[in-house]
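A short write-up of the structure that comes next.
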Amino acid sequence: MNTLTVKNKRLKMSPKGMITLSTAARKGLGMEIGKSKFVNVSNDGESIIINGELKKGEKSHKVSPAGLLNLKGEERDILLKGDNRHYWMKVDDDMKMVIICPSLD
17 MNTLTVKNKR LKMSPKGMIT LSTAARKGLG MEIGKSKFVN VSNDGESIII
67 NGELKKGEKS HKVSPAGLLN LKGEERDILL KGDNRHYWMK VDDDMKMVII
117 CPSLD
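With our numbering applied, the sequence shown corresponds to residues 17 to 121, in that order.
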């Protein structure tokens, strides 16, 4: 299993819910250079799960070629619980999944 954890104090959600996925996260989701992609976004109450494999019946969001993703609803509220809207990511290349957790420092 190829998992990468990105804990960077500079990762911060905008007040309107916009986040930027790192290059490693975009690669982990299976994105191609210069192309946008639709992904499934869900949560487990404590973190946000972004899955690059589209599944029927789940919320899908568009990730721009630059890695911008707009979070709304419950997912946005999860990151608002964190310290100043900061977050960190766990990237799993094998499962094409990114887990975003609020930074609770």
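Cβ atoms here follow ideal geometry from the backbone N, Cα and C, with glycine treated the same way.
Bear in mind that the values here come from a model prediction, so they are computed numbers and not experimental data.
E62, buried or exposed, once every other Cβ within 10 Å from all chains shown has been counted against 16: As a position in the sequence shown, residue 62 is number 46, starting the count at 1. Burial call: exposed.
DSSP-derived helix/strand/coil call for L45: Along the sequence shown, one-based indexing puts residue 45 at 29. The answer is coil: DSSP assigns L45 none of H, G, I, E or B.
Nearest-angstrom Cβ-Cβ length linking N56 and K112, presumed shorter than 8 Å: Translated into the one-based positions of the sequence shown, residue 56 becomes position 40. Translated into the one-based positions of the sequence shown, residue 112 becomes position 96. About 10 Å; that fails the 8 Å criterion.
Close beta carbons around I65, own chain, < 6 Å, minus the five adjacent residues each side: As a working mapping, residue 65 is identified with position 49 in the sequence shown. Contacts found: S58 and I115.
Chain-order list of residues whose beta-carbon lies under 7 Å from that of G98 (same chain, five-residue window excluded): Translated into positions along the sequence shown, residue 98 becomes position 82. Around G98: P118, S119 and L120.
For H77 and A41, the rounded distance between their alpha carbons: Position 25 of the sequence shown, counted from the first residue, corresponds to residue 41. Position 61 of the sequence shown, counted from the first residue, corresponds to residue 77. Straight-line Cα distance between these residues: approximately 15 Å.
Expected contact under 8 Å - CB spacing of L87 and G33 to nearest Å: Taking the first residue of the sequence shown as 1, we reach residue 87 at position 71. Taking the first residue of the sequence shown as 1, we reach residue 33 at position 17. The C-beta distance from L87 to G33 rounds to 4 Å, short enough to meet the 8 Å contact threshold.
Nearest residue (CA-CA) to L27, options W104, D109, D110 and D108: Here residue 27 refers to the residue found at position 11 of the sequence shown. That would be W104, whose Cα lies nearest to the Cα of L27.
Close Cβ partners of K106 (< 6 Å) along its chain, the five nearest in sequence each way excluded: As a working note, residue 106 is residue 90 in the sequence shown. Taking K106 as the centre and dropping the five residues before and after it, the same chain places the C-beta of T21 and I115 closer than 6 Å to its C-beta, in chain order.
Within the segment 61 to 111, ranges of the alpha helix (DSSP H) (whole runs, at least 4 residues): With a minimum length of 4 residues, the continuous alpha helix (DSSP H) runs that stay inside the segment 61 to 111 are 89 to 96.
L85 and I35 closer than 9 Å at C-beta: Mapped onto the sequence shown, residue 85 falls at position 69. Mapped onto the sequence shown, residue 35 falls at position 19. Result yes, Cβ atoms of L85 and I35 sit closer than 9 Å.
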